[in-house]
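Report on the following structure.
In our numbering, the protein residues as written are 1 to 481.
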């Protein structure tokens, strides 16, 4: 049994992350070697016949996705942590059973299938209650992981930064707190990752529950400090005269590919769900010449566990500081409309729209995967809507048009001037570079510095007061060329 000395926990330093991680998982938070290679049976549940009960974790637009598509996504999630898929099924739930989700006959039938394929682990692509999870494990004699637990496993595998590890650890503990009724619990494990797949042992539920609460309190304090630090970083960024553009989208929509091609960065790009977890920011000069700060965020997904939304809120709230949001959509995916709704629901939950009226441009990525007929239809739709830009990040198609649209949106609240300064105005020149964007600079023979600059609303009055004698032409039309 892992160490659960509550006095040791309560007396630990607030910033002693290593101790917290050790007491959380006894190993590094992304070591999941006990999971990798397990023979896994992936099960997609069909609730179409269950009308009278609201299924926990099911989105209101779940019927927009086919059962086959939902199963395919669940397989992708399982493969993201290197599980070996030995069999899959789409299982109809005719009558909701609180104790086991399925009726007794269906539980026995599925158990025979698991034995036939020698499955060591079952992934059930829905949210199970702790009681359902325990009862199914006892009935089948194998470990059972629901959608929430599976996504938490992936996040545990992907977290690289200290902040990411803290957020995953907090989400895990909140998930575990309600699951101490299980036959196999996280605190029974002898080794493994931050997930919940481990071997049997002894449990002291009340002691474990108290120990978990102590850990949660400590992690929440550390994440509060992370939020304060992020606030300081945001304050510092506001002093930089570059607008912030945030990339959001369903996982595997191509955000990181677009981020890389525009920024020249080397963010991990794989055809894999949640390949990117920790957010990345870069200063980027667009093909049109505008300089921006671009932020690549964690991918969204349908039925994102509330434990993760709560734990990662500090990270997700980076979106709220953006001057523009690019919603990257995989236009070649059969479920792109449903995926778009899932992203919008999360953005609305963060306050985007009413509380934070941030402009959003929809970027329809992966047009290279469309048929000629579908690509033409997409281009025709985009031609009638300025806020839809079709692109292919991997083929670098449509990037200039995207850059022009980004500039068009960002420049609505900016002003453009030609400015001439003498060589003696060094302090004023430094102010311009700190608070404005310099589009063009010419150093003339007499030492005069000729500048074309862009000024945002925040600094406009101060700019005019400083340079009202030196201002030349309004350069908006020239800039936009």
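Note that the Cβ used here is the ideal one computed from N, Cα and C, for glycine as well.
Query	Result
Beta-carbon proximity list for residue 246, same chain, < 6 angstroms, skipping 5 on both sides	295, 319, 322, 325
Proximity to residue 332 [Cα-Cα], best of 281, 393, 304, 361	393
Whether residue 250 touches residue 301 by CB criterion (8 angstroms)	yes
Inter-residue spacing [alpha-carbon to alpha-carbon] between residue 341 and residue 45	21 angstroms
For residue 120, three-class secondary structure by DSSP	coil
Backbone secondary structure at residue 426 - three-state DSSP	helix
Distance, residue 101 Cα to residue 126 Cα	10 angstroms
Stretch pair the stretch 340–355 + the stretch 371–389: three plus CB contacts closer than 8 angstroms	no
Short Cβ contact (8 angstroms threshold) for residue 106 with residue 38	no
Neighbour-count burial assignment, residue 458, 16 or more Cβ in a 10 Å radius	exposed
Cβ neighbours of residue 177 in the same chain (closer than 8 angstroms, five flanking residues each side left out)	209, 212, 213, 216
Endpoints, the beta strand (DSSP E) within which residue 452 is located	449–456
Contacting residues, own chain, Cβ-Cβ under 6 angstroms from residue 87 (five flanking each side not counted)	41, 117
Classification of residue 167 by the beta-carbon crowding that lies within 10 angstroms, buried from 16 upward	buried
Meets three-Cβ-pair contact criterion under 8 angstroms: the stretch 144–155 and the stretch 67–81	yes
DSSP three-state assignment for residue 8, whether helix, strand or coil	Any reading at residue 8 must be qualified, since the residue scores a pLDDT of 45, below 50, and its modelled position is unreliable; the value itself is stated next. If DSSP states are grouped into helix, strand and coil, residue 8 belongs with the helices.
Segments of 3+ residues assigned as beta strand (DSSP E) that fall wholly inside the stretch 280–313	280–285, 291–296
Residue 402 versus residue 389 - alpha carbon distance	6 angstroms
Cβ contact (3+ pairs, closer than 8 angstroms) linking the stretch 419–430 and the stretch 361–374	no
In chain order, each beta strand (DSSP E) run of at least 3 residues that lies wholly inside the stretch 337–394	360–365, 388–390
Local conformation of residue 442 per DSSP, three classes	strand
Residue interval of the alpha helix (DSSP H) (run including residue 148)	147–158
As assigned by DSSP and simplified to three states, the class of residue 82	coil
Local Cβ density within 10 Å of residue 433, reported as buried at 16 or more and exposed below that	exposed
Contact under 8 angstroms by Cβ, residue 293 with residue 286	no
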